[in-house]
Each structure stands twice: as C-alpha cells, then as structure tokens.
Amino acid sequence: MGGQGGGVLADWILAMGETAGYYVQVTSVPGVAQRTGATIYYLELFPEGAAAQAPVLALMPVPGDVDVVIAAELVEAGRAVQRGIVTPDRTCLIASDHRAYAIAEKSAMGDGRIRSSDIKKAIEAAAKSIVCFDMQTLAETHNTVISATLFGALAGSKALPFSTEQFESAITGTGKSVASNLAAFSAAARLARGETPTLETPSAAAPTPSVIDPDVAELLKRVDHELCTPARQTALAGVRRLLDYQDPAYANRYLDRLMSIQRVDPENDQGARLTDAVARHLALWMSYEDTIRVADIKIRRERFDRCRTDVQAGGNELVYLTEYMHPRVEEVADTLPHRLGSWLLATPWAQTFLQRFILRERKIRTSKVSGFLLLYGISSLQRFRRSTYRFMIEQNRINSWLSRIEALAEQHYDVALEVARCQNLIKGYGDTHARGVGNFTRIMEALDEHPITPQTAAQLANQRIAALADEDGAKLEASLRQVA
Amino acid sequence: MAERSFTEEVKKLRLSLGDEFRGEGILAVTKALLQSGVAYVGGYQGAPISHLMDVLGDAQQQGILDELGVHFESSASEAAAAAMLAASVNYPLRGAVAWKSTVGTNVASDALANLASGGVTGGAMVIVGEDYGEGSSIMQERTHAFAMKSQMWLLDPRPNLESIVAMVEHGFAMSEASQTPVMLELRVRACHLHGRFKSKANRRPATTLRDAMEQPVRDTSRIVLPPASFAHEHEKVDQRWPAAVEYIKSHRLNEVFEGDRDKDDIGIILQGGLFNTTNRALEILGLADSFGHSRLPIYVMNVTYPLIDDELVQFCTGKKAVLLIEEGQPDYIEQALNTILRHADINTRIHGKSMLPKAGEYTGEVLQKGIQGFFESEAPHLLPKSSDAANAARATNQKVAQDLAQSVPARPPGFCTGCPERPVFTAMKLIQRDIGDFHVSCDIGCHLFSILPPFNIGNTTMGYGLGAAGGAAFNVKSNQRMVSVMGDGGFWHNGLTSGIGNAVFNENDNVVVIVDNGYAAATGGQDILSSLADNPLRSTNNLIAKAVKGVGVKWVKTVNTYDLAKMTRTLRNAMTSTAKGPKVIVARSECMLNKQRREKPIFKSKQQAGQRVVRDRFGVDPETCTGDHSCIRLSGCPSLTIADNPDPLRTDPIAHVDNSCVGCGVCGEIAHAAVLCPSFYKAEVIYNPSRWDKYIDRARAKVIGYLQDRRARQLARYAC
C-alpha cells in the first residue's frame, strides 16, 4: 500500500538478484495505489548460468506459478489468496498480520471491523509455508518502514537461495537509512527463523493503592457481597468509572440501581446476562459526557503525558495542546442549574445573545495558563453536577429505561436484554448525540405500540443494528416498518 | 516537481555503443529515441506514460537533451502534442510524442487525422501507454481503432527491452519509408518493466529545428484541403500502405518461432505484447520452455497494423487450425484474418474469441485456459496430463478464496493523508445536509475519488477538463443549482474554454469549483501553468482566477481549502447568490504529497542542525471519543483510523490518529464545522526549543502542574 516502501523492497530484491548473477525482471502496476489502494510488484529471477540465451519472463503472476508472496498487511494477504496466486503446493506466504483498516470498517457507526482470525486461518490453509507476525510494529520500533521487516522475514523464511549477507548488502548498497533498516531487517529475520519469541505487549495493570477511602471500601464490599458472580467484574469497572466521574455517593446510587435489576434477573447466578449488560450500560449512561466531564479529562496530567507519547515527542521537545471545541446553547444549558437551563432553552432572545457574543468555534490552548484555567474552572463545576439541567434530564431517561427493563425482565428476558443494549445507540456529542437519543426513543415507542411476541427481541436487535447502519435513519425506518 | 525523480537514472541515457543498459521500460524508450536521432519530443502525462514525461523532464534539466540538440516540451494537451508532429511534415525531422491511451488519443485525434492524411517526411512516432486491464483508471478501449481509421502503423513489440528499443528505431525508419506516422503501443507493465538491453550511441538529429526555421519549406499538397485531401486518401492505399508492408517484410519485424516440425498442423498467432504471457501459459501447460521454444509454431505480430497478408497466408498454409490471441474488443485482427484467408482460399480454422474471452485483460490464467481449450479441441494428444498435485492445490485455493469472500473488505482509493481536496467535499456534504442534495458533475483527477466512500459525491464524469461541460445541459430555471468540479490540470487542458468559457457564453448560473492544488497531481505531480513553484524551464505562477476573469466570469472567489468554515460559507453563497452567470470558486491549497516531498527534508535537516522547528500533529482523546466515527465519514483521511477502545466497558473502536498525520488540521476543522465532538486536539511539537520557549514553558508548567496535582489528589482519594 502507499507509503509502505513496496518499490524499495522490490529494488532490494532486484539488486540482490542481479548481484548474485540472475536475470531479474520487475514489473508493477502503480497509479492509484499511492492514494491508499494497493500495488502488486512482480519479480522473476532466473539464474544466468543456466541459460545460453535470455529467458522469456512473464509480466504478471499466474496461479500455481508463484514461489513467494509478500503481503504488507493482513487483508492484502487475504486478497492475494483470493487472486489465486498463493497455492499450497508452492507458495511461501510472508505476511504482516497488522491491520490497516479499510474505509468501510472505519466509517461504520459502531464496530465495523472484520475478524482478523478468519483471514489468518484462511491464509494458513492456502500457503505451503507461512511467516506471519506484526512486521509493522517491529518496523516502527526500529524507526523505519515495513519494507525492511518484510525483507527480513523473506531472508528468515529461506524461500530464496541467498545468504543473509547478500540480503544485507542489498540494504547497504542503497545507502539510505542503512542502520535502522539493517536493525529492523535482522530482528524480523530472527523472528521468521523462530530464534526469538514473538512480540507481546505487556498489559499495564493499574496499581492498587495502599490506602483505600472508607466510602470506597464500603462500595467494594457491596460489589463483593451483593453482586452475583457473573456481573461482578463489570460492576467493579462501573464503580471505578463513576468514582472517577463523580463521587462515592454516585457510585453507590449506581449499585442501588443495579441491584434493582439483579433482584428481578431470573438468570441470577447462572450467567446473569441481564445484570451484566445493565452493569455495563448503566455505568456508561450514568457517566454521560457533559461539558464538565470533557473538561475534566482534558486537564489531567495522564492525558498530557499520553498526548506526548502519542505524538512521539522526546524528552527535549515541548508539546502544546489545542482543543477543538464548539459549545452550543445546549451545552451551556446542560451545565446550568436545571431551572436556568430550562429557561434558556425556552428563551430565544437569550440564545441569540449567547450565540452572538459567546458561542462559537473555540480553539482552547490547554497547555497555556488561560486555556487551562478555563477548562479547570469548568471541571470544578463537578460538585454542582447534581443540580444541572442535563443531570435531571439524564436521570429521568435512565430511570424510565431501568423501569422498562425491570418490568420486562421476568416475562420477556430477551426483550429486556435488548432494551438494555439499546443504550449503545446513545453516544457522541451535539447532533450525533441528538440522533442517538432520537433513534433510541423511536425504538422504545415502537416497542410500546406493539404487543410483545416471541420475535420482539430479534426485531429489537435488528433495529439496533439498523440504527447504526446509516446516518439518515433510512435503515431504521425500514426495520421499524417491518414490525408494523 | 514531479512525484518521482529520475535524476540518477537519466544518467544511463548517456550510455554508448556496447554498454549494457539496465533499467525501466520508459527509460529504455527514451534511450531508444536518442539513439534514433530524434529532434523533438512532446507529450502529456498520464499513467503509464507519466514517468516517460518525468524522465524527459529530468533529462532536460540535466542538460542531456541539450547536448544532443533535442527539444522537449510538456504539451498543454494530447491535441497540442499531436499537432507538434507537424514539424515532421515538411522537414526530415524525427519527432515523438507520448500520452495515455485511449483517452489521450481521443483528445489528439483531430491533429492525428490531419497528420496522417497529409503524411510525413521525417519519422513521426506516437508512444501510447495502453492503459488497459488491471490498475487501469479509464474506459476499456483499444488504440487499434485509431490506427485503422487514420491509417497509422501500430507497433506492439514483444515486452522485453531489446525488442521495444529495436521497434522504436524501426518505427522511425518505417515512418519515413511509408510517409506515415506510427504508433508504439506499450502496455502498463511494459512501461514499468525493469530489464536490460545492449545500447548504441546517441545520435544528434541530422537536420535541426533551427535549420528548418531558417530555411522554411512549403508544400501545399501536404495540407488537408481539397483537392489535396482527396489525393491523400488514394496515396494512403496506393503508395504508403505497400511501402509499409515492404518495410515490415524486408526487415522481418514480425517473427515466427518455429515449433516441433511434426506438430506443424496447428499454430498460434498473437500480438507481440502478449508473447511473454503466452509463453508462460504454454510453459505451465508443458508445451514450451523458458526460452520461448514451444512445441507449436508461433507467429508474433510486432506490427499489428497493417497486417502482412502474405506472411499470414504462409503461416496458415497446411495448418488445420490456428489460435489467434488478440486482446480487447472489437476483434479487428480476427475479422481481418478471416478475410485474408478467405481471399487466399485457405480453410484453416481460426480460433480466437471462441476460445478466449471476448473482453477483458488476457492474464496468464486466462491465456492458460484458452490455450488448453484450443489443444483439447485441436490436438488433445499433445497436452500433457495435468498433475494431480497442482489440481488439488488449485482446488484448495479456490475453497479458501470462497471462504475469504466475506472477510476481505474492498480498499477503494481515496484522498491522501492531509489532501487539500478533502475539505472541498466535506463542505459539500455539510451543505447537502442543509439545502438538500444537488447534482455534481465530476472531472478526471484525484478529486474524482469523491464518488467513493466516505464522501459518495458525484454523478457523472465525461472526461478530462470536462467537469463543467458535463453539467452544461442543466442550464434552466430550477430551485436547486448544480455543482461542477474541475481540477487545475483539466482546467488548463481544455476546461477554461469547454467549461468556463462555455458557461459564460451560454449564461449558465451554476457553480464551478476548480480544485487548484498547484500540480497535475493525479498524474504524478507535474508542474502546470498555475503551479506556484519556480520552474527553471517553464513559466509558472499564471493564476487560474485571472484566466477565469479573463474569459468573462464576474463571480470568482479564491478560498484556502483548509479553512473549512470559509469553504463551506463560500460554497453556500455560490449556491444561493442571485448573481447572474457562472459562480466560480477556486479552491486552492498545495497538493500535500508534493508539499511533504518538498518540506520534509528541509524540516529534518533543520531539526538535526539544532534549529527551532515546530511540527503540528493531531490526535484524539480516547476517553472522550465515543466511537461513532462521524469524523471518519466526513474525512476519510488515511491517518484517521480506528483503534481498540481502552475503556473496559465500551466495545466500539475509537477514532485514532496514527503517526502518518501531517497536521493539516482538517479533522479539527471538521469537528468544528460539523459540531461533532471535543475529542480532537492539535499538538504542536517544538524541536530544539529556544531559551525563551523553555523559560515560559517552565512558568506555565508551574501553574498547570500545581492544579493537575490537586486534581490528581482528589482522584487518588477514591482510587481502588
């Protein structure tokens, strides 16, 4: 794919082959590849010694006739197999198993990713031998591009009759980024030969603090004693999230609400799918993203540190952050005391005033004192959150959602479960959030309009998927009409 | 500055007699032109010919062309390039022009028809990059038709550098011998093929352009005007055609590869360009070796027009059947072969499109199937038993391929990271939310990617520079205007007249967006009239807005595309303005590929030299991103991707900006303009900060650090 150095890799193989006394022919079909599609470089190597005359070399791969296929990404490896050029009687497949997501996967409104394991299984069956690991990350750790690790994997695979020195001198010969390319090459070659274990990313477990606040200890006790085993992990994550979001009292309220569902969950202690789902979605809903929350996240030290890492800033570099914010009347109302918020939303002249003088696109420079203080100030409104307009609205929504689940749990377990999962429709900010709430409400209204049948749960699931299928709601409408 | 630099490679153009040349196809063709004593070269870029133009440009900059007295220009269009060959009409000057075909040949055909009618004195060659089959970006047609209709000879050499170079040299001689322009057809892979050949010394043109200018020659019988034009038609068939046939025969331009003597009752006839693929198909079937020795005779047409009747009759005599391998449709050669054999009263069966697909590229796999079918029907005893192992392997592969059908997502091309054209279409998408959908007439260029996800904008495209012309009919009263898009490349190619002038003259009230990224970007970043870079050999900095005003447009706005808010506002104004006549928006920002190519090395060297430099990059806060991906649907930037959600309670992947980000800022602008979410941030990374930078940073860190500590203590209180 564009930027992966496919041309460089082809040139290395070409140089290596010609130096070793081979006729080497390289062809490619570039063009739109550099603009995110994929290019195939095709090489044929023919020993000069074996020929009194020049061989007739082909310009494109033929199925069953290819010794080595090098794929610089997992889906592209899958595509090579689909094209038929990887065959189990002949082909050594060298593939990086990292993913560069396709636009369809990226732009889905939920999780549109294909399962990598499906492709991996398939390509293993299609090749004679396979070298497959994350060559992208390996290249990045050596500060170079994937062509170097692919070349290393090719050397390690022993699919070509060239020595490691011959490979290395091809890299040296180009005179560009030689040190980093050689290091990446050697690391990949060792991995391909099985001399070093595959990379594993250490999972960073949060350290347990030595002193635990008594209120928090009480909460943890509740989780341990009251929650059924299957939901305990999720509930614990929920408690942590709400402590981070507000305070122990709010987390306690979360547990109260959750217990009201657990009490009516007939699967209690044998899966407790409903309790577990509510534990997840309730925590997310109760920690809805308001202005206070966003400001609170933006000002934290860990966030500053993470940004530094993300942009690969070294110790000597300074990093300045700028936030892209666009507060609207709604966000202001959300953060006001609830009467004032309702008044604002019902008072056009006040809105016009705000829009004219205060509300507009804002770039807030968080790393500078004034910008930081602004966000810090907003985040300090946390202690007043319970009196805000948004809090009132969200608690009402949560309560009606919970009572709906509670009412359905015993008679229509699967329907209750689907209602719980519908929380996932409400996400984002601004218009995105409004659209999510709208879809959620439409689905709930439709649920009220029709008697519950054995198909209802499946219909709800379909509607939930349909609501995330497009932005204009056409799929959801179609799905709702099917029920009617 | 073109995308790919051939500064090093062009030195190979100086190789002399006996040296071995190793390199790419287009470089070999350039060398062949110099060996042929060419006096002038022109052309228009477009895959797969772009690199030929880049090679010539770099050779010119290095003085290699000047040394030999060769003039080269980047023509304004293929029509301009074809018309340039007029220099070979009156003077013994060899000239060559190049372009992407068939699209370029379409544009050039007026000049080509005039050239071919009057005929030439000096050798005139058109090098066509046949953009057909895999990777092609255009309609699938054959250049063959143009050769036939205007009577130009069509060369289709075997795809190895030795043959290609020889055919360039013969092409000029044959053009002179028959007073007819010739076309050299190169398929995509042949242009990009790395191979070798024995080079000859370069030749200075015997007559120079200067000689011609100082001693002009006039011959009205060469000009297409009655009565000469009627005489030309007779000349073509009575004199030029036989002369060409004579040249081809006497120089054995077409080749016969003898097979085993006793298997001579069948044979293969093919276009030279398909020889290597065919030989490989035969090899896999066990019917040929790696050196082109096959079990049955092969007649290779390195010249596919005109056909040499005698040679074909001779080849078919005594054969019960031949397989004709002719790529593309219509099957001109097959029709002609049938006529030739009928006239000669020869009953050899001709298998062509009956064995091979009527349309589509003849890949190795396709040819293997076709040839196998031919043998099964005509000589099954010659066909070795196919191996069970290979068959089993194929079966496994097909099964796996089926399994993969669901899981391998398409990867349609899209705008590059940081592309300045992206916000133009984001703006359109945002406006469509307010004023409803409108018709969009597209052009040829990178901007055509708008028709693909995630933008899905655009209704038609009628050809290069024809974006505005493609919307000309929608010039009636309506409640919704339409928008045409035109690239700067297309604008200078013909869009200024066909689109803008046309709209002014016909009082069209619609909107034209001219995407001005400073280069012919889609073809590899070549300079054009409005490029802002200084080019020592060309005149640049001729502004599009000035040209547009020059043809009478009153409403012209130039907008920096990265300013999404302004872009959106301007487009909305254009859609609703009551002004009469076309509303032209010049959407201007430099192509990011070119910009990066220029600026990255400078940045790196400054950074290494310890100078203060600032790099912008964008990022997404994983805690505030809720995984809706609206931002991706409005952007499609390759660097804006997705990552696992670090939140244990959430499953949808979050948006994530990877290290390829160039800091163009469009994602932040989108978050603003579409009121999306507060997750985007810009990070300015200051390398080698100054003392003042460090001082102020320490001061800020004191205040900010104090408050961050305070917040951290609050959070730590409830940690568990």
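Chains A and B are the protein sequences, given in the same order. Position 20, counted from 1, in the first sequence is what this note's numbering calls 20; the numbers after and before it change by one each time, with no gaps. If you want this note's numbering, it's the 1-based position in the second sequence plus 484. Ideal placement from N, C-alpha and C gives every residue a C-beta, glycine not left out.
- In the structure shown, the three-state DSSP call for B/Val1098 is strand.
- Residue contact check for B/Ile941 against chain A: no CB pair falls below 9 Å.
- Here DSSP, grouped into helix, strand and coil, assigns B/Cys1204 to coil.
- With respect to chain B, the C-beta atom of A/Asp224 has no partner C-beta closer than 9 Å.
- Inter-segment contact for the region 649-663 of chain B and the region 613-628 of chain B is absent: fewer than three beta-carbon pairs are separated by less than 8 Å.
- A Cβ of chain A is located within less than 9 Å of the beta carbon of B/Val1169.
- From the beta-carbon of B/Glu618, the residues of chain A found nearer than 7 Å are Val29.
- Two segments are said to touch when three or more pairs of C-beta atoms, one from each, lie closer than 8 Å; by this definition the region 282-297 of chain A does not touch the region 1148-1160 of chain B.
- The criterion of a C-beta distance shorter than 9 Å is satisfied by A/Val81 and A/Ala122.
- Against chain A, the CB of B/Leu888 has a partner CB under 9 Å away; the residue lies at that interface.
- Closest option to B/Asp1100, judged by alpha-carbon separation, among A/Val319, A/Asn396 and A/Thr456: A/Val319.
- For A/Asn424, the closest Cβ of chain B is nearer than 9 Å.
- Per the coordinates, the alpha-carbon of B/Glu845 lies some 27 Å from the alpha-carbon of B/Phe681.
- Considering only beta carbons, the part of the region 1153-1165 of chain B lying closer than 7 Å to chain A consists of Ala1155, His1156, Val1159, Leu1160, Cys1161, Pro1162, Phe1164 and Tyr1165, in chain order.
- When B/His535, B/Ala516, B/Glu504 and B/Gly553 are compared, the shortest CA-CA separation from B/Tyr524 is found for B/Gly553.
- One thing to note: B/Gly1034 has its Cβ no nearer than 9 Å to the Cβ of B/Gly1065.
- The Cβ atoms of B/Thr788 and B/Gln813 lie no closer than 9 Å to each other.
- Residue pairing for A/Gln25: DSSP places it in a beta bridge opposite A/Glu44.
- When secondary structure is reduced to three states using DSSP, B/His923 falls in the coil class, being assigned neither helix nor strand.
- The secondary-structure analysis by DSSP pairs B/Ile998 across a beta bridge with B/Met970 and B/Val1070.
- Closer than 7 Å at the C-beta level to chain A, one finds these residues of the region 845-856 of chain B: Thr847, Gly848, Glu849 and Gln852.
- A/Leu93 and A/Ala77 do touch by the CB rule: their CB atoms are close to 6 Å apart, below 8 Å.
- Just so you know, the alpha carbons of A/Phe440 and A/Asp247 end up roughly 28 Å apart.
- Within the same chain, Val997, Val999, Thr1045, Met1051 and Ala1071 come within 7 Å of B/Val908 by CB-CB distance, once the 5 residues on both sides are set aside.
- Nearest CB-CB separation between A/Glu76 and chain B: below the 9 Å threshold.
- Contact between B/Gly1002 and B/Cys1075 holds: CB atoms are separated by about 6 Å, below the 8 Å threshold.
- Proximity to B/Asp794 across B/His835, B/Pro726 and B/Gly757 peaks at B/Pro726, based on C-alpha coordinates.
- Nearest to B/Cys1161 by alpha-carbon distance, out of A/Met325, A/Val75, A/Pro337 and A/Cys422, is A/Met325.
- Taking a cut-off of 8 Å on C-beta distances, the region 569-579 of chain B touches the region 686-702 of chain B, as three or more cross pairs fall below it.
- A distance below 9 Å separates the beta carbons of B/Lys584 and B/Gln529.
- Remark: C-beta atoms of A/Ala251 and A/Leu219 approach each other more closely than 9 Å.
- Under the Cβ criterion of 9 Å, A/Pro55 is counted among the residues facing chain B.
- DSSP, read as helix, strand or coil, puts A/Met325 in strand.
- Here B/Tyr1202 is near A/Val216, since their CB atoms are less than 9 Å apart.
- Contacts with chain B (Cβ-Cβ distance below 9 Å) from the region 163-193 of chain A involve no residue at all.
- In the DSSP assignment, B/Glu1168 falls within the beta strand (DSSP E) that extends over Phe1164 to Tyr1171.
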